[in-house]
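Engineer:
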Amino acid sequence: MKLPYIKCHGSGNDFILIDEMEHDLAFTEEERRNLSLLLCDRETGIGSDGILFVMPSEKAEGRMRMFNSDGSEAEMCGNGLRCVARHMIEKLGNASIAIETQEAVLPVSQVAEIFPDIDTFSVQIEPVSFAPASLPMIHDGEQAVDSAILELSDKRTFTALSVPNPHIVSLMDDVDQAELEQIGRRANELPEVFPNGVNVSFVQLLEKNKIFVRTYERGVGLTNACGTAMSASSLVSTILGPNDLDTPIVVINKGGLVNCVVEKNDGRFSIQLRGNGTNVYEAVVDVDLENSRFEVTGQMFFDKENETYEKLEAYAASEIGG
Ligand SMILES: N[C@@H](CCC[C@H](N)C(=O)O)C(=O)O
255 MKLPYIKCHG SGNDFILIDE MEHDLAFTEE ERRNLSLLLC DRETGIGSDG
305 ILFVMPSEKA EGRMRMFNSD GSEAEMCGNG LRCVARHMIE KLGNASIAIE
355 TQEAVLPVSQ VAEIFPDIDT FSVQIEPVSF APASLPMIHD GEQAVDSAIL
405 ELSDKRTFTA LSVPNPHIVS LMDDVDQAEL EQIGRRANEL PEVFPNGVNV
455 SFVQLLEKNK IFVRTYERGV GLTNACGTAM SASSLVSTIL GPNDLDTPIV
505 VINKGGLVNC VVEKNDGRFS IQLRGNGTNV YEAVVDVDLE NSRFEVTGQM
555 FFDKENETYE KLEAYAASEI GG
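Okay, so the sequence shown: first residue is 255 according to our numbering, each after it adds one.
(1) Would DSSP call Ile343 helix, strand or coil?
(2) Between the C-alpha atoms of Asn332 and Asp408, what's the straight-line distance to the nearest angstrom?
(3) Can you tell me where the beta strand (DSSP E) with Val490 in it begins and where it stops?
(4) Mark Gly521 as exposed unless 16 or more other C-beta atoms lie within 10 angstroms of its C-beta, in which case mark it buried.
(5) Measuring CA to CA, which of Pro420, Leu389, Gly438 is closest to Leu406?
(6) At 3 residues or longer, what runs of the beta strand (DSSP E) sit wholly inside the region 289–350?
(7) For Tyr259 and Gly509, what's the separation of their Cα atoms in angstroms?
(8) Does the Cβ of Arg646 lie closer than 8 Å to at least one heavy atom of ligand 1?
(9) Note down the Cα distance separating Lys565 from Glu573, rounded to an integer number of angstroms.
(10) Can the beta-carbon of Cys262 be found closer than 9 Å to that of Thr532?
(11) Could you give the distance in angstroms between the alpha-carbon of Asn348 and the alpha-carbon of Lys462?
(12) Buried or exposed: Glu354, going by 16 or more other Cβ atoms within 10 Å of its Cβ?
(13) DSSP puts Ser407 in a beta bridge; with which residues?
(14) Can you name, in chain order, every residue of its own chain whose Cβ lies under 7 Å from the Cβ of Ala483, other than the five neighbours on each side?
(15) Specify, as a first and last residue, the run of the beta strand (DSSP E) that Thr551 falls within.
(16) Assign His277 to buried or exposed, taking buried as 16 or more other Cβ atoms, counted over all protein chains shown, within 10 Å of its Cβ.
This is how it looks when you write it as structure tokens:
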């Protein structure tokens, strides 16, 4: 099968975006999983953190399904949703639309730039829940906020929440990538605590309303950034730390930066995640799933926007001394 696709990223969290509506495509569940396993592989595939399938919706302008590189499906993907938002907003010529995701129809829009010349998209991250069952997490108690999880670490504390995919967030003075990788792996081999796995983030407060977040993603491993993790981390560092509600929190990550605005309405939290949705190139991939083979043709690169993005990346790296 011949699949036109866009290689894109949000904060360096990269995806293969396939628009099923535009190209009249449809896949079985097995095909979605096998496409992810074949094409996302960094050594033998195109290489990406996941596939974004853009599908028709009866409730919104489009629907997003996101598959991780290990073939599992996630409930939500914040960086991916910004890429889908950009794609649909450009296609429809309407700056504010809605996209259906697994658990909610979410408003998305093009907003003021968070960095010079970076087209910026805002996506709503909700529903948010601290109930352990929402992740799910096997835990005695109504919430796990700033709690020890001794199966993971005897020196860190974690806050568990779903946004709506599952996250645990740990606040600390200094982020150690090797420790994160070890705890992230362990958390995803611990079905007696996290039956469906979990995304694990380490968060460092740089100053009030500015944090650095590093994430080990369920189904992928260490990524440059994870949008739902940056949203969850902004919320946790607002509840447990000095950050403000209703104020842009600058979130520096390995692939750039985003802004997160944490809001509370009628006792419920939600987060506006604002950042880039950058196209790297577009191409066609001819896939033979039976024989696990593929060929990419007709690559056309979006050079200008990628050069512009490099400036944001360099700025973000300078903020964390990289
Ligand atoms: N990178 C994404 C999240 C992707 C899904 C995640 N790995 C999961 O399985 O929950 C984001 O930007 O939110």
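By construction, the Cβ of each residue, glycine as well, lies at the ideal position given by its N, Cα and C atoms.
Structural biologist: If we stick to the structure as given:
(1) The sequence position of residue 343 within the sequence shown is 89, counting from 1. It is helical.
(2) In the sequence shown, residue 332 corresponds to position 78, counting from 1. In the sequence shown, residue 408 corresponds to position 154, counting from 1. Note that residue 332 is Gly in the sequence shown here, rather than Asn. About 30 Å.
(3) Along the sequence shown, read from residue 1 onward, the residue named residue 490 stands at position 236. In the DSSP assignment, Val490 falls outside any beta strand (DSSP E) and within the unbroken alpha helix (DSSP H) covering 481–493.
(4) Start at 1 with the first residue of the sequence shown, and residue 521 comes out as number 267. Flag for Gly521 reads exposed.
(5) Start at 1 with the first residue of the sequence shown, and residue 406 comes out as number 152. Put simply, of Pro420, Leu389, Gly438 the residue whose alpha carbon is nearest the alpha carbon of Leu406 is Gly438.
(6) The beta strand (DSSP E) runs lying completely inside the region 289–350 and spanning 3 residues or more are 304–309, 316–322, given in chain order.
(7) Sequence index remark: in the sequence shown, residue 259 carries index 5 (1-based). Sequence index remark: in the sequence shown, residue 509 carries index 255 (1-based). For Tyr259 and Gly509, the distance between alpha carbons rounds to 22 Å.
(8) Outside the displayed range of the chain (255 to 576) lies residue 646, so it cannot be described from this structure.
(9) Stepping through the sequence shown from its first residue, residue 565 is reached at position 311. Stepping through the sequence shown from its first residue, residue 573 is reached at position 319. Take the alpha-carbon of Lys565 and the one of Glu573: they are about 13 Å apart.
(10) Here the question's residue 262 lines up with position 8 in the sequence shown. Here the question's residue 532 lines up with position 278 in the sequence shown. Yes, they are a contact pair.
(11) Against the sequence shown, residue 348 aligns to sequence position 94. Against the sequence shown, residue 462 aligns to sequence position 208. Asn348 and Lys462 have their C-alpha atoms roughly 35 Å apart.
(12) Residue numbering aside, residue 354 sits at position 100 when the sequence shown is read from its first letter. Buried, by the Cβ-count rule.
(13) The sequence position of residue 407 within the sequence shown is 153, counting from 1. Looking at the DSSP output, Ser407 bridges to nothing.
(14) Position 229 of the sequence shown, counted from the first residue, corresponds to residue 483. Counting only Cβ-Cβ distances below 7 Å, and skipping sequence neighbours, we find His421, Asn453, Ser455, Val467, Thr469.
(15) One-based indexing of the sequence shown puts residue 551 at position 297. Looking at the DSSP string, the run of the beta strand (DSSP E) that includes Thr551 is 547–555.
(16) As a first step, residue 277 must be located in the sequence shown, where it is residue number 23. Exposed, by the Cβ-count rule.
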